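Here the sequence shown is numbered in the numbering used here, starting from 4 and rising by one per residue.
Glycine included, every Cβ here is placed at the ideal spot set by N, Cα and C.
Remember, it's a predicted structure, so these values are computed and weren't measured experimentally.
Step one of this worksheet: look at the structure below.
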Amino acid sequence: MIYDENNIFAKILIGEIPCKKIYEDDYVLSFYDINPQKKIHALVIPKGKYIDLDDFSEKASSEEMVGLLKGINKVAKKLGISVDTGKGYRALANISEHGGQEVPHLHFHLFGGEKVGKMVE
Ligand code: 5GP
Numbered sequence: 004m005i006y007d008e009n010n011i012f013a014k015i016l017i018g019e020i021p022c023k024k025i026y027e028d029d030y031v032l033s034f035y036d037i038n039p040q041k042k043i044h045a046l047v048i049p050k051g052k053y054i055d056l057d058d059f060s061e062k063a064s065s066e067e068m069v070g071l072l073k074g075i076n077k078v079a080k081k082l083g084i085s086v087d088t089g090k091g092y093r094a095l096a097n098i099s100e101h102g103g104q105e106v107p108h109l110h111f112h113l114f115g116g117e118k119v120g121k122m123v124e
């Protein structure tokens with residue numbers, strides 16, 4: 004599968020479409036989901052062009068991998084939902100068709116601010 008340069012998160016990354024930014028560094032951009040499913044619903048995306056977690060795991064550099072995980076932790080801390088700043092959260096990545104992925108740029112959903120509920124419906 005080829006990365007779709009016109010996907011909505013690619014456009015957010017280059018500033019063509021606005022977002023409610025939470026955090027940004029060399030490796031990640033984080034912003035609020037436009038259609039929140041929980042009290043707090045953030046998205047964390049790598050800056051590199053990766054379609055999904057499998058694509059990222061196969062092609063990303065070690066630096067990018069560390070950057071993404073550290074980014075998730077920084078966002079959780081900033082939102083007050085990390086283990087040390089709050090009561091925890093769920094990090095979730097949908098992968099391709101059966102995973103229910105809609106936007107073909109790797110993203111982690113961070114859900115928190117309340118009990119998140121059942122793991123899978
Ligand atoms: P997926 O189903 O691919 O895991 O999740 C895609 C997420 O992106 C959905 O939760 C959806 O609400 C969110 N989303 C789609 N378009 C936009 C947008 O233009 N801006 C923001 N902030 N979120 C979006």
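Within 10 angstroms of the beta-carbon of lysine 41 lie 16 or more other beta-carbons, which makes it buried. Burial is judged here by how many other beta carbons sit within 10 angstroms of a residue's own beta carbon; serine 60 has fewer than 16 and is exposed. Not a single heavy atom of the ligand 5GP lies less than 7 Å from the C-beta of glutamate 124. Just measuring C-alpha positions, the residue of Ile54, Leu32, Leu46, Gly83 sitting nearest leucine 95 is Leu46. Within the same chain, and ignoring the five residues on either side of aspartate 57 in sequence, the residues whose Cβ sits closer than 7 Å to its Cβ are Ile98. Each residue's CA atom was taken as its position, placing aspartate 36 and glycine 83 some 17 Å apart. Here the alpha carbons of lysine 52 and alanine 13 stand approximately 8 Å from one another.
Per DSSP, the continuous beta strand (DSSP E) segment holding glutamate 27 begins and ends at 24-27.
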